[in-house]
Structure formats: structure tokens, C-alpha cells
Amino acid sequence: MPITVLLLSCLTAGAQEIISTKNTCMVLDAPEKEVPVILYYGVRLTAADAASLPASGAGSFAAYPSHNDSSESLEALSVRMPDGNLSADLRVSSVKKETWEGGEVLTVSCKDPLYPLEVDLKYKSYQDQDVISTWTEIRWNGAKKKPVVLTRFDSGCLPIRQGDVWVSSFGGSWAGEMPLFCQPLGPGVRSISNKDGVRNSQTAHAEVMISLDGKPQELYGRVIGAALCYSGNYDLRFETGDSRYESVHRFYAGIDPSNSNYTLMPGECFVTPELAFSWSSEGLSGVSRNFHRWGRRYKLAHGGEVNDILLNSWEGVYFDINEDGMHRMMKDIAEMGGELFVMDDGWFGDKYPRKDDHTSLGDWVVDRNKLPSGVEGLVAEARRNGIKFGIWIEPEMANTKSELYEAHPDWIINSPGREIVQGRGGTQVVLDLGNPEVQEHVFGVFDGIMTAWPGIAYIKWDANMSIPSQGSKYLKNQEHLYIEYHRGLEKVLDRIRAKYPDVAIQACASGGGRVNWGILPWFDEFWTSDNTDALQRVYIQWGTSYFFPAEAMAAHIGASPNHTTGREIPLKFRIDVAMSERLGLELQPSVMSQSERDRCKAAISDYKKIRDIVQLGDIYRIVSPYDGKGLATLLYATPSKDRAVFFWYKTEYFHNLLAPSSLLAGLDPDRNYRITELDPDGKALPFEGKVFSGRFLMENGLDIPAANSAPGPHRDFASHVLYLQAE
Ligand code: DGJ
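Under this note's numbering, think of the first position of the sequence shown as 4, with each following residue one higher.
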């Protein structure tokens, strides 16, 4: 996103530089001709306190360690000079500070005294969201035809004071996204990386929380959050020396250089992706609130506007798309109060109709046997039902059984001379987005659909394969393949957004495989997981909410037994879990009983009352499902704290075990709140309709019956959604 520079002031190089937000600051020391260092990151300091940092005995650490640093640290930048020299030495040449509408940008410009290498270290503050981000701009001014090779080119690094420091990181796989892992930092190097090529939040996430006061806590303690905003392969590293002279742990993050050394030509500038930090003394949830506010304001397409309640056809019909079925689903979601219907995979293919996942990707023409009145007929039908219409595509991919592949076999990524590695369905391949012709094709897929059917309001953009084998027939330098893929993707997405600023786009990649702040600026939301099992969703959504707001997190009510886990879960629990994010449905309404449909209809109506609080409010995660209490609770409050919603999920039930009273959080202690249960199951809770002060609710809490009181075979899966209105 472009920076609007409102004022430019050049400062003389040297001494302390402070970049601040409302409550935080980062302090650097950048004297001319010296290696720039980071002295501090944390709560906002006065100028006098910042000046006393060196006297406090606090160590300093190179702001962007390069290979020539004398310390034993890892490097953020390493190079191979044209003459074979493997060292770079970055010395401050100038410092400048600019303001932009949301804060400041500090640029520390560095030069290598021996080689024509220049690196600008950028620090950008997002004043109101308490986020400070960093990236670098690496320039090579060498002689013609003599490039420098970048063998490591991190976005930035951060020293973290030694102490009882813990890291919360996230794994992830298909249907098991964002599981949380918490570990103390110990000596050695720990790396978190992704080499998928396409789905960069499969297997790991490029975000971490760093708790400075011991074991991570949701509501208390000093925490730093870090998110690398990049859609491709990355590598995050924590390094801790075992010498007692080391006063810091060191955190580095950037593009993964494996198989991706970058040859920088004379005159070229390599801009590394943004690495965003946030700091809070209000625990993990405090950092989450900052990232959510920042994401909604600066990163999400249409951030800050609530997203529609939808029915997606995938789990209802899978590939079995037909006109009557689509009409029926649209009628059903409209009757339940939904606002959008999305036709998923299975609608396209002429020579090779898409009956399963073996064929047709690339052939984005409507299958007239399935949809005789075409997509235009469906758009018109949606309009008749008073809802919007959306459609699924997977434009970066092809099947080897497709007209596209037959016409352009050279467009796919594959190692020269080797057998084609095929993914999903045994026939899927990835298109070479580094190739401008392929970029044109991918743009054309989107543009063609929007031009042919201008009534389309929503696109689900899927991507279900990794780059398995390095080989572009277009690129001269194969080491640039991963980076050029993502540059190509960004170019296409820029063009799409320039032409179609209003359409809503969902990022999907085998579920939540593309959940990263580097890709989301072109998207309105993401499909959190193909796993719609509400119990596992409590965990998936818990982890995902660490960095991503509910506005973007699609959570759909699935069928029971669940299609992924086979678990049977009462409808109330399924609804209550989906209501805590962007509510939708992922089932076949026509097989539901009338009472189930009525319940969904009532829940949708309830959700509309709280949607702005959930999607745009401040999150307070309170009891973690990972804490082994068999319980998970969280609350969203409006910024003014006049309304709130409290979600309470019993994740397991054992008879006659203690059920602790539930403390709320994030309320105004001096206001009184009336409590109303949403999606009730018939039996009123003891405090239904009663009024309590925020202080009482946060200090004493509520005693919530631990078992499910709804009629049914078991008492598992009790859940409650409480709406709080200040009086
Ligand atoms: C993977 C997605 O995660 C699903 O939601 C669905 O769209 C399928 N692809 C369709 O093939």
C-alpha cells in the first residue's frame, strides 16, 4: 500500500533515533559511519528515559546484522560480491524521518565502505494501532553486468532482552490449521519456515507471539507480536547464545533463501516484505487487539465493513452442481435470512466437465449440461431471492486433463527433463506466474468472469497445490522462481483490485493455507479451515484469532456427523462456535428438519445484532481451550464498551467435576450491563435479563451450568452466547 508522505525532514546522521506509536517506541542508535543498533523496543519512553538506555547497562544489537559483524550472531543480510567476497559491512550514511497519515517512517541509510552496496533500513509506525513495522531496500550500484548475489535478505530483526521469554507459534496442516505451541526460549537457533511455494500458512505460520514475563497469558504480561507480511516462502529464526555476556535473544524474519538466492543487477533495488511488530502489556489478547485494529484499518480489503452471512455449496453438494440444486440452496439461505450464496467447485469445463478433482482446472467456461441457463441464470435467481451471488475459482492452477494444458503445456512449473509432479487428484499442476503471459491468463480468468456476469458480488479464490518441483520455462534464473511467482501474483491482484475494487474476494488455499498479512490486502476474508467440526474449530479459531480479526475469519455451520471428523455435535454448539467469527453455513439446508432451519434462521437474526461487535470489536480471549480446563471463553466488546458478546464453550464434560465461575474481561467496570442469552436452548440461565456491573462481571463472574441442558443423548457440548448491553 502506498505511503502518503506529508512532511519530509532530513536529520543529520548520528545518535539516538526514536520511532513511536501511541503507547510504544523503538530506539535505535545510528551514528554516521557506525553499524546501526537497536537499543530498545517496548512501552513508550520519554526522551530522557531513552537517553539513559546506554547507562542502564542494556546491550545493543546490530539493527541488520550482515556477514561482517564481529559478534557471533546469525546474519540478516549475506551476499556474494562479484569478486567472490562473502562479507557485507553496513555503515550509517544518513538518517531521515518522514511522516505519513498514520505515523512516521524512519529511514536509516547504510553503505558498504568497500562495495557499491546500499541498504535502507525502514521503520514505519502505525500510531493508533501500536504497530511498528520494518523492511529493507537493498540497492546494488555495481558495474554493468556484474551483479551481487543475495544469499540471505531478511526483512529485519529484533533483539529481545533475556529473561523468562516464551514463544507462541503455530503449526498447521489441512483441516488442522493454527494449532498453538508455547515454548520457553533456550540456547541455540530455532527456525520456523515454510517452503510450500503457494500455501504459506500450511505447516507453519509467519506470526509469533513473544511473552516476556514467563508462560504466555491472555490478559496480563508484556508481549511482542511479530508478523511477516509475505505470501511466499519464509524463515523466522530465534537465536539465543549460551554465553552469560549475551543480554538478548535475537529474532530474525524474512523470505526463505533456500533455492532462492537473489541475483541483484546493477541499478536494481530489492524491497523485502514488511515485518510488523506490536507490543502490549495486556497479554496475548492485547497484541491481538492491536493486530486486529491494524489489519482492519490498513491491510484487509474493505476492512472495517462487516462481511455477509453466506451459504457455501461445497459441503452441501461437493461437485454435484446442478441448476435446480443451486436454486434450492439460494431459496433456502434467503429464507433463513442469509445475504449471499456461493457456488463452489464443479461448475465449469466443456471438453472436460469438472466431475471430480481430476480434470478441468484452467477451463473456466460454464458446464451447460449442469447449468443450462448459465451463471447469468443463477445471478438472476439470486437477485430474485434478494441475495448476492458468488462463485469459486482456482485460477493459478491447471489440470493436465484440461484444454488449457493442451494449449499451453509450457505454462506449468516443472523441472526440465523430469516427470511432471502432479498434485490433487493426481493431475493438478501450478501455473508459472513469473511468466507475464500466465499473469495475463490469470487476470483474464477473473476479468472474464466479472465481465460475463457483472452481477457477481463475491469470488472464492482457491489454491490447492504447492510448487513441488522447481522449473520455469520462462525464467532464465531458476533461483528466482519462488520470488517471481509471488511478484506475478501481486501484479495480477493489483490489476484485479484496480478494476474491481468493490467485489468481495475470499482467500482459500486448501482451507486456511493462505492466512498471512502479505496476501490479505487484496482479500476481504479467508476460509479458516475445511474442517467445520465445531469442537476442533474452537481450537483452530482460537489460534487464528491471535493475529487475524473475526471480520476476516469465515466460520461456517457444518453438518453433523461432521464430514471431516465424523463427530456428532448438536446444532446449538455448531451455531455458537460459528457466531464467534464471520458466520456462514456449509451444509445442505434441504436435508435439515424444519426446527433446525428455524434455529439457524433465529441464529442469523441474532448474529445480525452482534455482527459489528464480533467482526469489528476488541477481542479478549479469557480461558484457553489449550489450558486443559475443558473450557474456552472469549469476549468481544465495542471500542466504547457499551456492548459486548461473551462466548462460553464446554469442550469436554465430566460428571461432578468443578466448574469454575467464568470471569469476563474487557468491560467498563463502572457501567452496568444487562445480559441476554442468544441462541438459547429453551432453559433460561439464572442471570437471564439481569443487570450486573462490569466490575462484578470481571471480578466475580458468572456461574454457568457445566452441562448441556438441551434434550439429547449426552451432556457434552454445552455452549452459551451472552449479549451484554450497557444501560
Ligand atoms: C478446497 C477448499 O478449501 C474447499 O472449501 C473447496 O473450495 C474445495 N477446495 C473445492 O475443490
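All C-beta atoms, glycine included, are put in the ideal place defined by N, C-alpha and C.
Answer with buried or exposed for Glu732, where buried requires no fewer than 16 other C-beta atoms within 10 angstroms of its C-beta.
-> Within the shown structure, residues of the chain are numbered from 4 to 730, placing residue 732 beyond reach of any answer.
Which of helix, strand or coil DSSP assigns to Met794 = Any answer about residue 794 is impossible in this case: the structure gives the chain only from 4 up to 730.
Should Val594 go down as buried or exposed, given a rule of 16 or more other Cβ atoms within 10 Å for buried?
-> exposed
With 16 other CB atoms within 10 Å as the buried threshold, where does Phe351 fall?
-> buried
Between the Cα of His732 and those of Gly224, Gly286, Tyr461, Met701, spot the shortest distance and give me the residue it belongs to.
-> The requested residue 732 does not occur in the structure, where the chain is confined to residues 4 to 730.
Using the Cα positions of Asn197 and Trp177, report the straight-line distance between them to the nearest angstrom.
-> 14 Å
Could you check if Ala16 is buried or exposed, using at least 16 other CB atoms within 10 Å of its CB as the buried criterion?
-> Low per-residue confidence applies at Ala16: pLDDT is 34, beneath 50, and the placement is therefore not dependable enough to give any value.
Assumed close pair Ala635, Val541 - CB separation to whole angstroms, cut-off 8 Å | 5 Å
Could you check what DSSP says for Ala662 in three-state terms: helix, strand or coil?
-> coil
Can the beta-carbon of Gly514 be found less than 8 Å from the beta-carbon of Gly437?
-> no
CA-to-CA distance, Ile508 to Glu528, given in whole angstroms = 7 Å
Environment of Ile21 [buried if 16+ CB atoms lie within 10 Å] | buried
What is the rounded straight-line gap between the Cα of Trp530 and the Cα of Pro439?
-> 28 Å
Residue nearest to His330 in terms of C-alpha spacing, selected from Lys391, Tyr43, Arg292, Leu364 = Lys391
Put Gly17 into one of helix, strand or coil per three-state DSSP.
-> Because Gly17 carries a pLDDT of 43, less than 50, the predicted location of this residue cannot be relied on, and the following value inherits that uncertainty. It is coil, neither helix nor strand.
Counting contacts by CB-CB distance shorter than 8 Å, is Leu215 in contact with chain C?
-> Any reference to chain C falls outside this structure, which holds one protein chain only.
If you check the beta carbons only, do Asp450 and Ala512 fall under 8 Å apart?
-> no
Report the rounded CA-to-CA distance for Arg83 versus Arg155, giving the unit in angstroms.
-> 10 Å
Is Glu406 helix, strand or coil by DSSP?
-> helix
Using the rule of at least 16 other Cβ atoms within 10 Å of the residue's Cβ for burial, across every protein chain shown, is Leu89 buried or exposed?
-> exposed
Among residues of its own chain, excluding the 5 on either side of Arg602, which ones have a beta-carbon nearer than 8 Å to its beta-carbon?
-> Leu574, Lys575, Ile578, Asp682
How far does the beta strand (DSSP E) with Pro162 in it reach, from first residue to last?
-> 151-164
Only counting runs of 4 or more residues, tell me where the alpha helix (DSSP H) segments fall wholly within the segment 501-573, in order along the chain.
-> 537-547
Give me the Cβ distance between Leu122 and Ile141, rounded to the nearest whole Å; I'm assuming they're in contact under 8 Å.
-> According to the sequence displayed, residue 122 carries Val and not Leu. Between Ile141 and Val122 the Cβ distance is about 5 Å, and since that is below 8 Å, they are a contact.
Going straight from the alpha carbon of Ala558 to that of Asp533, what length do you get?
-> 10 Å
Taking all protein chains shown into account, decide if Asn236 is buried (16 or more other Cβ within 10 angstroms of its Cβ) or exposed.
-> buried
State the Cα-Cα distance for the pair Trp143 and Glu493, rounded to the nearest angstrom.
-> 24 Å
How long is the line joining the alpha carbons of Gln728 and Ser128, rounded to whole angstroms?
-> 35 Å
Can you check whether the CB of Ala66 is closer than 8 Å to the CB of Pro34?
-> no
Between which two residues does the beta strand (DSSP E) carrying Gln694 extend?
-> Per the sequence shown, the amino acid found at residue 694 is Val instead of Gln. Segment 694-696, the beta strand (DSSP E) holding Val694.
Using the Cα positions of Gly380 and Arg371, report the straight-line distance between them to the nearest angstrom.
-> 11 Å
Between which two residues does the alpha helix (DSSP H) carrying Thr430 extend?
-> Where Thr430 is concerned, there is no enclosing alpha helix (DSSP H), given that its DSSP letter is neither H nor E.
Using DSSP bridges, identify the partner residues of Trp143.
-> Leu120
Looking at the unbroken alpha helix (DSSP H) that takes in Thr454, where does it start and where does it end?
-> 439-455
Where does Gly587 fall in DSSP's three states?
-> strand
Does the beta carbon of Asp621 fall short of 7 Å from some heavy atom of the ligand DGJ?
-> no
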